[in-house]
Amino acid sequence: MFPNIVKSIINDGHIIGSHSYQHFNLSKMSRDELLDDTANFDEMANALAGYKPKFLRPPYGSITPEAVEVYNQSDVNMKVIGWNIDLQDYDKVNRADDILEQLESMLIKNPGFTHVIYLGHDTARTSVEIVPRLMDFFTFQGFRHTTLDNCLFGGTEFSLRVSTRALEPKPVQRLVIPQGADDTVSAAVSRTLSTWLPPFVALLVAFQMNFPV
């Protein structure tokens, strides 16, 4: 755990969400099991930083409509979200140049992309190293870096494919690595990106197309 880093993320106005407490397949859990898992995560988040997460990214992207309803109920009040770019850094070693080539190919094949939620993991060193180039790449493509709440505003229901909407984004920021931070995504991007609370840290980087005003 990195309580000082988590508090720094929150104090700087970034978004911390849940990736569940046990990292089980949520589509195979009962209602009571889902509620217990959420309560355990909320207790940890509160003890760590006095914080109640508003977003959940399901492990493996696996969840049922019934489970979504559990998270949507008023006493839980957590929005379930997905992503639309996953280069599977959890399953293979990617070079930074290869990642950027894949991203460029995806955007060429999908010219209608106006919003991007990029999935990365702290277990892959390249996911840390590529962050500055990733932000420059999307900026050059006409996107602006934003937070999840901005990207999802107006439509946060989960889609098995992706759920992305937008409000006014914040300006693109540059990577700042806190002095003495652990070499993980949660540490290295703690002052820059929307990230997730340990355990099972994962990184979702949200971008919105920069339309003319």
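For the sequence shown, numbering that gives the first Met the number 0 begins at 0 and goes up steadily by one. Just so it is clear, CB atoms sit at the ideal spot from N, CA and C, and this is done for glycine as well.
Distance CB(residue i)-CB(residue j) smaller than 7 Å
i    : j    : result
H120 : D148 : no
V75  : T37  : yes
W82  : L118 : yes
L86  : I98  : yes
R124 : V69  : no
P52  : S7   : no
K78  : F54  : yes
N- and C-terminal bounds of the beta strand (DSSP E) containing residue i
i    : result
L118 : 114–120
L145 : The sequence given here places Thr at residue 145; Leu does not occur at that position. From DSSP, the beta strand (DSSP E) with T145 extends over 142–145.
Cβ-based burial, residue i [other Cβ within 10 Å; buried from 16]
i    : result
P57  : buried
I14  : buried
S19  : buried
T145 : buried
R94  : exposed
A44  : buried
S61  : exposed
S73  : exposed
F142 : buried
S126 : buried
Residues that residue i bridges to, as DSSP identifies them
i   : result
L55 : S17, V79
D85 : L118
Start and end residues, alpha helix (DSSP H) containing residue i
i    : result
R132 : 130–139
M43  : 30–48
V92  : Looking at the DSSP string, V92 is not in any alpha helix (DSSP H), and its letter there is neither H nor E.
P110 : It is not in any alpha helix (DSSP H) - P110 carries neither H nor E in the DSSP assignment.
I4   : 2–10
A123 : Looking at the DSSP string, A123 is not in any alpha helix (DSSP H), and its letter there is neither H nor E.
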